[in-house]
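Below is one structure; the comments refer to it alone.
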């Protein structure tokens, strides 16, 4: 969605519909996201957003109007309940790092004492801000299925505020949004070669291959199936013939948990 100024007549809409079991913000008053990384996101949002819509977005986030929140590489999607029967789909996008910037981040972690240990402990030091923090509003984009053309609307603002809180609780989320997997990053910093090494020995007199040493198979990074799907299309399919939107949100969460549990089982067997 391009930055446009749209001011529909909101008097024609009723009050927002209450939500049971929504993603409710921890912040009940005052500033959102008091940690450094969360504030970095909020500062950029508040530079480009309309103050009135941002205020209503905070109200939506605190009121649990976000039915479901999905965080993936480069894309954060929220199902946000407004005044209409079906929730709106609000999307915040933040570009993933390309190979050049990923290499720059790896070099920074490798050459700066303490950074790798901090990442392994679940922290994201501020030294990585030049590579991870949004460089102004030009790196953010917003879209929503609601009729408001404001950039961003209150629904996307609610999603952004909840993302900032998530980043405060779990700074590694910032890596995920930028398209980086922590385990892969740690291996890259350590200089591990994940490519197959060497070739298989010849059988010779070992007819049954009991003493043969084969090259290691390449590791394939696990990706949850929902991460590879079009999130908006998946929600559209699940909504077909279902009036209870909370059931749709639960189905999405259950599906995601199922695939992630499967991925954990696969990794444990390696």
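Residue numbers (the working numbering): 6 to 275. For each residue, glycine too, the CB sits at the ideal point set by N, CA and C.
Pick helix, strand or coil for residue 188, following the three-state DSSP scheme. helix
Near the ligand ADP: residue 249 beta-carbon under 7 Å from a heavy atom: Within the structure as shown, the ligand ADP is missing, as the structure has no ligands at all.
Roughly how many angstroms lie between the CA atoms of residue 72 and residue 95, to the nearest whole one? 11 Å
Exposed or buried, what is residue 33 when buried is set at 16 or more other beta-carbons lying within 10 Å of its beta-carbon? exposed
Under a Cβ-count criterion, where at least 16 other Cβ atoms within 10 Å of its own Cβ denotes burial, should residue 40 be classed as buried or exposed? exposed
Can you tell me whether DSSP reads residue 83 as helix, strand or coil? strand
Where does residue 31 fall in DSSP's three states? coil
With respect to the alpha helix (DSSP H) encompassing residue 73, which residues constitute its N-terminal and C-terminal limits? Not the alpha helix (DSSP H): residue 73 falls in the beta strand (DSSP E), residues 71 to 77.
C-alpha distance - residue 186 paired with residue 180, whole-angstrom precision: 7 Å
Based on the DSSP output, what are the partners of residue 95 in its beta bridges? 83, 149
Go through its chain and collect everything with a Cβ distance to residue 22's Cβ below 6 Å, but skip five positions before and after it. 86
Note down the Cα distance separating residue 244 from residue 255, rounded to an integer number of angstroms. 12 Å
Taking residue 117 as the reference, give the member of 130, 107, 105, 106 with the closest Cα. 130
If you draw a straight line from the C-alpha of residue 43 to the C-alpha of residue 194, how long is it? 25 Å
Over the uninterrupted alpha helix (DSSP H) stretch that includes residue 43, give me the two end residues. 41 to 53
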